[in-house]
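If you're matching them up, the sequences are chains A and B in order.
If you use this note's numbering, the first sequence corresponds to residues 12 to 1149, in order.
If you use this note's numbering, the second sequence corresponds to residues 233 to 629, in order.
Don't be surprised by glycine CBs; every beta carbon is placed ideally from N, CA and C.
Structure first, then comments.
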Amino acid sequence: MDALVPDASQGRIMKHRKSLSLPAFPSLSSSARSSPTSCSAPSEPLPFVELLARSNFSFLQGASHPEELVLRAKVLGLNGIAICDVNGLYGIVRGYQAAEKPSLFDAEQLAFSNADGIPKRPFRYLCGAELTPYDSSPIALLPMNKDGYSRLCHLIAKAKRPAPKGHISIRLQDILDANEDLLAFPLPPWEESQLKRLQEAFQDRIYLPVCKDLTWESVRLYKQVLEIERSLGISLFATARPLFHDPSRKPLHDVLTCILHKTTLDEAATRLTPNRERYLKGPDEMLHLFRERPDLVSRTLEIASRVEFSLSELRYRYPREYLPPGKTASEFLRELVEKGVAWRYAGETDSDFMAKVRRQVEKELALIQELEYEDYFLTLWDICQFASQRGILHQGRGSAANSVVCFTLGLTSVDPIRLGLLFERFISRERGEPPDIDIDFEHERREEVIQYIYSKYGERHAAMVCTVITYRSRMAIRETAKVMGISLPQIDALVKFMGREGISRLVDMAVEKGIEMPTSRRSRDSEYDPDSRMPIPERPPQTSSTELATVDLSQFGLDTDRFQKLLNIALELQGFPRHLGIHTGGFVISHEPVIDIVPVESASMTDRYVIQWNKDDINALGLMKVDVLSLGMLSALKKSLQLLHEHKGIDWNLAQIPQDDRPTYEMIQKADTVGVFQIESRAQMSLLPRLKPERFYDLVISVAIVRPGPIQGGMVHPYLKRRAGREKVTYAHPDLEPILKKTLGIPLFQEQIMQIAVTVAGFTPGEADELRRVISSAWKKKVVMEGLRQRVINGILAHARDSKVPNHLSREYAEQIYRTIEGFASYGFPESHAASFALLTYASCYLKCHHPDVFVCALLNSQPMGFYSPRQLVADAQRHGVVFHELDVQNSEWDYKLEHGNSGLHVVRVGFRSIHGLRKEHARRIVDERQRGGPFQSLNDFIMRTRLPRPATLRLAAAGAFESFGLNARQALWRLQGMSFDPQSLFFGSTLGLDPERDEKEAALIPEESSWEEITREYETKGFSVDKHPLSVLRPELRRSGRRYTTAAGLKSLRDKTPVRVAGLKSLIQKPPTAKGMCFVSIEDETGLMNLVLTPDLYQKFRSPLLYSLLLDVEGYLEFRDGVRNIRVRHLKPLTLP
Amino acid sequence: MNSAVRLARDLGFSAQCAVADTPAGAQVFAAARPGTILPPGEERDRLKELSLPLLFHLEGLLAWERIAAIESIVTFFMMLGCKTIGDLSRFTVEALQERWGETGALLWKRIHAKDRQVISPLLPTEPLEDYVHLDFPISLASLLLHQIQKSMAFLFARLQGRRLIAQRLSLILHCEYSQAQHKIDIEPATPNRDRSLFLTLIENRLHNLDLENPIRDFEIQIVPSPEKSQQLDFFEPRESDREKAEILISLLSQANLKPGFYRIEPSLLPEKAWCLSTFHERDRANDLLEPSHVEFFRGKDNDATPAVAPTPHYGAHVMRAPRPTRILSVPQPLSFEELERLKILSRNPIERLESGWWAPGGATKRDYYFAVSPEGQCLWIFQDPSTEEYFLHGYFD
C-alpha cells in the first residue's frame, strides 16, 4: 500500500494523460456541457419534461428567473417545464408569459437559438408548488385541471394564513383531503407509512422523483426509491430538481443560501449545495444519467400529458352588488352614462359637437357591451360614488381619460372629445386586453375607500395586488458583501463610495482597473436588465479614469479577485425578488372567491389580504384590476378649496376654478412653480421659460416632455426650437403629419410612438401593442430590446425605400425613434395621462398664483408630499408675501391654519405638526384643553391642564412654542426641567420644590442664544424658521469676509458669462439618468433659489461637499439663456466663515 | 505609565492612561487627552475645558447607573447652549439634584473632582458587569460571540482575582431597531469559573436566537459566589448526565487538559469533516445533520400553531456519506505510474464535491472514485477536474 503513496518531497505530480482509460464523465471545468448550443442532439431524443424546477420566486432557494428557466428549457429542447416554487405560485405567470406568450421580438431570438441544430418540439408549461407539512416531508403538487388549480390555491392560502411571514402551517391530512385533480410528487426523505397514506389518497396520481446529482445522498435515495417502486408500486420519474438554469449560477445560489441562513460563506459549510449539479439539464444529458432506466425520463412526458390545465383558463367576473333589481349591467351603464352626458355637457349649445359626443358614447358603449366590460366600469363607478358621497376628491388617470364613458361616469375629468383623444388607446377589440383604469384619491383619505371595498365585497372577493420588492444595487452589494465576510464598516464605505450612481460606479471602477468587465458579462450572459427604471448603461465612465483606477480596494476589505466575484454576483442578484409588498392600490375584485384564481395571503398590515401576483402578472393573464391610488396633490387641493370656502367665502370645486387665467400662465412662464403639481422639478423649471405655456394643452406637453422617453430620444430641444419658431415644422414622411401635428412634428407621447411604428415602421397593430407591452413592462430583456431595435430601424428604412412619396426617413431618424422608445421603457406618459395630470397642474398653479396663503397652508398640511420640504415651501411663500406666525401653544393647532392679516393675504400660523417627534394626540390635547378652559395662564397652568409628558413639553419648548408666556426657548427648557410632571406629586406642574431666588440666579447662568444658535435650534426642532434664513444670519459675516458673494436676487441683474460667487443652503440635488452624468443642484439664500449645473467630472470632484454639506460656497459663471439663469460651477466647497 | 499601557495592550485591551485627582477625572482625560498627568488639585479646573459629551466617560470605578440619564443631561445642556463641562459646572449641586436626582448630584461631585472613589487592591469595587455598545450592529452570532468573549475575558479575570466563582451569568442583548431585548441566563449546575464552559453555553443559546433585528449593545452581569462552593462534588446527585459531563469537562479544563470527543464537523471537504470537541458542541452538529424546522407561533387565540420555514441544508447529507476508515488530512498526489497500477471501480465519479469558490485560491473541486490497489487495498481517490491531477485521499479497511 505504501508504494501507492508518492513521496511528496519529490513533488512528482503527474498530469493525467488522455490516453489513460479513466472516467469519461463530463468534467466540472467543461463548459460545453452547460452550453445549450453545444449539445449534440441525438437523432431521436427521448422526450423529457422537467417537472420540479425552482425559480427565484422560491425566495432565496432558487437562483434563476422563471423566464430564464423557460427559455433555457426551450433552447435545450425539453418538451416542457413545470415551475414548482416553494410555498407559492408567485412566479408562475412570468414563466407562463415566457412560455406561451413570448415577445414577438423574443421569439425571433428563440428561433435564432433553435436554428443551431436543436429541433423544435411542442412545449408544455406547467405550474405547481412545493409544500412542506409540519408533520411530513415536502410534497410537490401539480394541478391537472382548473379545479385542481383552485384546490392548490386554497391549500397554499390555508397554509399561509395562520403562519408568520416566510412560514407555512399545514398538515399532511390537509393535502390528502384536497387531493382531487392534483398530481403529488413526494420529496425525500421518504417514509413508507407516509407514502402509503399518500398513495391511498392520490392513487395513480402519485409519482416519486429520482434525481442524480453526484452526491452519495442521491445514490442512497435512488436505491431507496427503487425499493419503494417494487414494494408499493409507485411510479418513478427522472428530474434534475434544478435550483438554477445554468451551473454558473451556483455561486449566486450559495450567496442566496447564506442570506437565507443569515451566515457567511465561510461559516455556511454544509448548508451549501455540495456541487453545481442541480441545474436544468437537457434530454440527452438526462438520458445519459438514467441510461439504465430511460423509462424514467420518458415518463415525464406521460405525467405532463395528464395535466390539462393552463393559466389561460383563468377567468373571472366582477361582482354585481351595485345592480338595481330588474336591470342588466348594460342597461344600468347606459342609464348612468346618459345622466353623465347631461351633467358634463350641461349648457353645451353646439349641436354638431353634441352629435359627436353622442356618436362617441354609442361607439364606446357598443364595444364595452361586446367585450362584456360593463361590470368593471360599474364597479369603479360604485367606488367613485362612495368617494363623492364622502367628499373625497378623486380623479382618473392613465388611458381611461381617452374614454367619454369614463368622463361621463365621473371616473376621469378630462373631456376626450374636446382634446381629441383616441378611445382605441383605452380599449381595442383587436388587443383583447382588459381596460386599465387608475383612480387617484386624496392620499390621506384613500384608506376610507379601501375599507369601503373590503366591507362591501369581503375579503373572499377582494384582495390587493402585491408588488415584488427586488434587490436593488445597494442591497445586492450589501448582502453579497456581508456573506463574503466583509466587515460592516467596510461595506458601509463601499456603499458610500457607490453613492447615487449605484453599482455602475463599481462597474466603471472595474473597467478602469482592467478587471474583467461585469457589464460585458451582463450583455453576454444575463438576459435581463434587473433594474427596470435604469437605462442599460452604455455611457462612458463618469469619473476620470485615473481617479477610479487608483481607488484602493483594500479599504473595502477586498482584493481584485474578491472584488470581481462580489461585483459579478451582485449584478446577478440585482432584480431578484426579495420579498412581497402590497401594491399601493391595486385590487382584484371578483364575483367568485379570489382564492379560486390565485393564493391569497395575509399582508403585514392588519386585515389586509394580498394575492401572490403583481400587476404585470394580472395584466398578462388578461384579468382586470381596480387601481385605488393616492395623490398628495389631491389632498392639498381639497384642503385648499376648503380653506378658500372657510376664510375667503369662495365655494369652488376643481372644475369651477377659472380656466385660461393669464396671470397664472405668466407665473408658470417665469417658472415660479415651487410646490405645484408635476412642473415643480428643477428640470421642469428650467424648461418652462423656454416652453412658455399659454394654454391648457401646453401644460399637457409640459407634463409629458420632461420624461426619459422624449429626453432620451432627443425630442425636447427640437420641440422647443419649433415652438419658438427657430426651426421649421417638418415631417419625416407625409404619413406622419396626422400623428405629429399637435406636437409640431415631434413625438412626445406614448401613443404617437405606437402610431409611428404602425405607419412607417411596418408594425402590425398587434406588434405595436407588443411594443407597448414591452416598453411598459416592469422588466425587460436585453435580447427583446435589441430585437425591437432591429425591427424599428429596418421597418423605417424599408418604408422609406418603398414609399412612393418623397420623404426624409433616414437611419438617424430611425435610431432617434428607437431611442425614444427605449426612453419610454424607463418612463413615458400617454397623452391622456398627461392631460389628467395637467388639470391638477393648472389648478395648483392657479391657487398658488392667486391664493398663495391658502395654497401653502394646504400644502404644508398635506406633507409629506411633492419635491420640496416645508422649509422650501415656507421660504417660497414668504417670497410671495405670505406672512407666517410662530408656533404658539395659545394659538397653534395640529395643522397650519390661516389667521386674518393686515394685507390682502391671510397670515399662516405654524401648526404643531411641524415639530419633529410630537405626537398628534398630544397636540390635540393642547387644542382641546384650550377650547375647554380658555387660554393658558402660565407654564404651570399649561402642564396642569394638558398633563403632557415631559419629553413632549420639552419638544414644544425647544420649538419656541412657549414664547407667549414671556419665556424664550432656553428659559422655558430650564424651567420645565425643574418642574414636577408627576400628577401624584404635591408639586405637580410647579417648581415649588425649588428655591425661587436661587433658581432665578441659576437661570441667569444659561448662555444667551445667538441668532445662529436660534436658527439652528429651530431647524433641529421644526426644519425651518419663519423669522430668518440661515444665509440672512450669515450675511454680515460673509460681507466681512471680503469675498464678494452675489445673492439670488442679485443674479437677475447680471449678464451672461459673468463670473459669480454665491453661498446658499442646499435645496435639491438631481442627477437624472437621462442627463449623461450632469448634476443639477438648487441652493437658496434669503432672496431666492439659484440653480447650479455641474459637469460629470466636476460632480465627481466635488461629490463629497455636495452630498454631505448643507451650506455651500460656489464659484462659477452665470449662464443666461432663454430666460433661464444657471450657474455653471467651477469650484464648490462647504461654506466656512473666516 | 507607558509600561502599564503596553502591558495592557499586550493582554489585548485597548488601554489609554491618564493621572488625575479622581478615578473619574483620570478616565475622562484618558479618553480625551491620553497620557495627561494633572498636578494634584488641578483636575477641577482642567475639566472645565473639556466638551460636554465627554461626561459619558466621567465614571471612574463606578459606572453611571443609567447611561440614558447622562445622555439626556448632555442633550439638555447642549440645547441650552452649554458646550463645555465648565459651562455646566457653574450650576449648583441643588440645581442638578432637583432636576436629575442622585445622578445630578453625582454628576456635580464628579465635575468638581469631589467623587473620590476608593482604590485598594484589598477592596476591589469594580462591578462584575460589563456594558458594550457596538460601533456597528451585529446580526451574526459568531461576531457577537467574539465581542462577548472580550468582555468575559476580563470579567473572569476579575473573578479569579477576587477568588470568586460564577454562579450565574446574565447576558442582555439590546436590539438595534426596537426596544426589544434578549435575555440569556446561564446557570451551570455547579458554580465555576470555566470561561469556555460559559462561552459554549452562550454560543448554544445564541444559535437559537433570531438576530434579524441586529444587536446594538449588550450587558453582561455575573452573580458571583465564594470559591468554597467550587468544591465540585462529581457524585452529588444532578439532574442529568450532561450536567455531570459539563462539570467533568470544567474540571479537566481547569487542570489544563483538553477533553473532547471526535465528532462530525460541518464541512463539505471530508478531511475537515471531523474534529475533537466537547459535549456541548455535539448538539450543533446534530442540528446541522437534522435541522429542526418546525416552529411554534402564538396565534390570535393564543394557541401554538406549528409552522415551517424551509431552510435547506443542501449538503448536510455529505456528513452522513460513507467515508474511508482513514482519511488523509492532506491528500497525496498520485503519479501517473501510481495511478496506472490502480483499478478504478467506476467509470463515472461516485461523488462530486465543490467548495470555497470565494476563497483566494479559488474553488476546491473534486471528483471521487473508488479504486483498488494491486495489494487489494480499497482506496478513495479523487481527480481535480481543473488540473486533471489525481490524489489519494483515504483507505478503507
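- For A/VAL104 against A/ASP628, the beta-carbon gap comes to about 4 angstroms, under 8 angstroms, which counts as contact.
- Interface annotation for the segment 604 to 634 of chain A against chain B: empty, criterion Cβ-Cβ distance under 9 angstroms.
- Across the segment 569 to 591 of chain B, CB contacts with chain A closer than 9 angstroms involve GLU569, GLU570, LEU571, GLU572, ARG573, LEU574, ILE576, SER578, ARG579, ASN580, PRO581, ILE582, GLU583, ARG584, LEU585, GLU586, SER587, GLY588, TRP589, TRP590 and ALA591, in sequence order along the chain.
- At least one CB atom of chain B sits nearer than 9 angstroms to the CB of A/ILE1017.
- For B/GLN399, DSSP assigns no beta-bridge partner whatsoever.
- Beta-bridge pairing by DSSP links A/PHE248 to A/PRO220.
- In the three-state DSSP reduction, A/MET696 falls in the helix class (H, G or I).
- In the structure shown, the three-state DSSP call for B/LEU500 is coil.
- Relative to the Cα of A/ASP451, the nearest Cα in the group A/GLN1081, A/VAL714, A/THR423 and A/PHE774 belongs to A/THR423.
- The beta-carbon of A/MET486 is placed no less than 9 angstroms from the nearest beta-carbon of chain B.
- Looking at B/LEU500, B/TYR627 and B/SER499, the one whose alpha-carbon comes closest to that of B/ARG558 is B/TYR627.
- Along the segment 151 to 184 of chain A, the positions whose C-beta sits under 7 angstroms from a C-beta of chain B are PRO173, ALA174, PRO175, GLY177, HIS178, ILE179 and SER180, read in chain order.
- Flagged as an interface residue toward chain A: B/ALA548, by a C-beta distance shorter than 9 angstroms.
- Residues of the segment 1024 to 1044 of chain A that bring their beta carbon within less than 8 angstroms of a beta carbon in chain B comprise GLU1024 and ARG1028, in sequence order.
- One Cα belongs to A/VAL318, the other to A/ASP158, and the distance between them is close to 12 angstroms.
- Chain B has a Cβ within less than 9 angstroms of the Cβ of A/THR143.
- Leaving aside the five residues that flank B/GLN349 on each side, the residues in its chain whose CB is nearer than 8 angstroms to its CB run, in chain order, THR254, PRO255, ALA256, GLY292, LEU293, LEU294 and THR357.
- Look at the beta carbons and you see the segment 244 to 264 of chain A touching the segment 286 to 295 of chain A: at least three pairs across the two are nearer than 8 angstroms.
- Beta-bridge partners of B/HIS365 (DSSP): B/ASP449.
- The C-alpha of A/LEU564 lies about 12 angstroms from the C-alpha of A/ILE502.
- By the C-beta criterion, the segment 724 to 734 of chain A is judged not to be in contact with the segment 862 to 872 of chain A, since fewer than 3 inter-stretch pairs fall below 8 angstroms.
- Residues of the same chain with a CB within less than 7 angstroms of the CB of A/VAL769, apart from the 5 flanking positions on each side, are PRO776 and ALA779 in chain order.
- Between the alpha carbons of A/GLU904 and A/ILE757 lies a distance of about 51 angstroms.
- Within the segment 987 to 1021 of chain A, not a single complete beta strand (DSSP E) segment reaches 3 residues in length.
- Cα atoms of A/GLU303 and A/ALA249: separation of roughly 12 angstroms, rounded to the nearest angstrom.
- With distances taken between CA atoms, A/ILE438 lies nearest to A/VAL415 out of A/VAL415, A/GLU458, A/GLU453 and A/GLU1008.
- At a cut-off of 9 angstroms between C-beta atoms, A/THR275 counts as an interface residue with respect to chain B.
- If you ignore the 5 residues before and after A/THR274, its C-beta comes within less than 8 angstroms of the C-beta of ARG282 and VAL494, all in its own chain and listed in chain order.
- The C-alpha of A/ALA110 lies about 28 angstroms from the C-alpha of A/ILE764.
- One finds nothing in chain A with a Cβ atom closer than 9 angstroms to the Cβ of B/ALA398; even the nearest lies about 28 angstroms away.
- DSSP, read as helix, strand or coil, puts A/PHE452 in strand.
- Beta-bridge analysis with DSSP links B/GLU583 to B/TYR600.
- Boundaries of the beta strand (DSSP E) around A/ALA473: 473 to 481.
- In the DSSP assignment, A/LEU1122 is bridged to A/LEU1076.
- For A/ILE1094, the closest C-alpha among the options A/LYS1112, A/ALA1059 and A/TYR1110 is that of A/ALA1059.
- Straight-line measurement puts the Cα of B/PHE623 at about 17 angstroms from the Cα of B/ARG579.
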